[in-house]
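In our numbering, the protein residues as written are 458 to 752. What follows is a single structure, written as structure tokens, with notes after it.
This is how it looks when you write it as structure tokens:
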């Protein structure tokens, strides 16, 4: 199977999910995805009823097995697992309660140009093979090697120029920059301090979530770094925020609480000092000499 249809990153991310979530991803979202954009729900729509029909199981007649059905709430929770795993990125507004769902599949190799290039390359290779065979069949076998070619060398295609006009496109980068992987390593180290072994995680999925934090949510590296350290040491949040996806989900709440606690601490140490905590953004974070960050 060609890499643009399925890849190891998807396989790794989906492996730990419930079988129902895997079916939804493979048999609904991935199946109906637009390979030109990596989006599902625009050119080919998906709905809860469609997913429900795909998941339902009707046992054979006279069987003792029970009918397996799924409610809308169960389907929503399964879809959320795909979102948390980084396999789906929600593009529709859930607050409006709309039926139409639109998702981007960030892990899928969706560039149709890559697919066409692979197909064109395969066709060109086959065409050259056919032409070579035809030349061999029509060649005068009585002619000497030198007569067939003045240089005395057989004519062979130049591998550097054979497909000179073919477009060369690398797979789009979807797993973030090196800094995203650095943040992943820092988070793994921070939340694994009190564990017997490092927390189990998918490096590609976590790096993708860090990328989304930066690019989609507009968080800076310093802000992310601060909250990673803050939540890992917090008595309540340390065992609640155990992944970048959870950090994204609870971001505003975490920032507000971190600022409130910071304000209380500063008030106790230096009464009357301006703390800069009038809003809930983390734009005021400043790196300190000891490697920590202060508002």
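Quick reminder that beta carbons are idealized off the backbone N, C-alpha and C, glycines included.
With contacts defined as CB atoms closer than 7 Å, residue 476 and residue 508 fail to qualify as a contacting pair. For residue 677, there is no enclosing alpha helix (DSSP H), as DSSP marks it with neither H nor E. Using a Cβ distance threshold of 7 Å, residue 558 and residue 633 do not count as a contacting pair. Per DSSP, the unbroken alpha helix (DSSP H) holding residue 476 starts and ends at 476–481.
Membership of residue 470 in the alpha helix (DSSP H) is indicated by the continuous run 465–471. The Cβ atoms of residue 659 and residue 478 do not sit closer than 7 Å to each other.
Straight-line measurement puts the Cα of residue 714 at about 48 Å from the Cα of residue 523. Under DSSP, residue 514 shares a beta bridge with 525. Collapsing the DSSP output to three states places residue 705 in a helix. Per DSSP, the beta bridge partners of residue 491 are 496. A straight line joining the alpha-carbon of residue 501 with that of residue 686 spans about 43 Å.
Rounded to whole angstroms, residue 708 and residue 519 show a C-alpha spacing of 53 Å.
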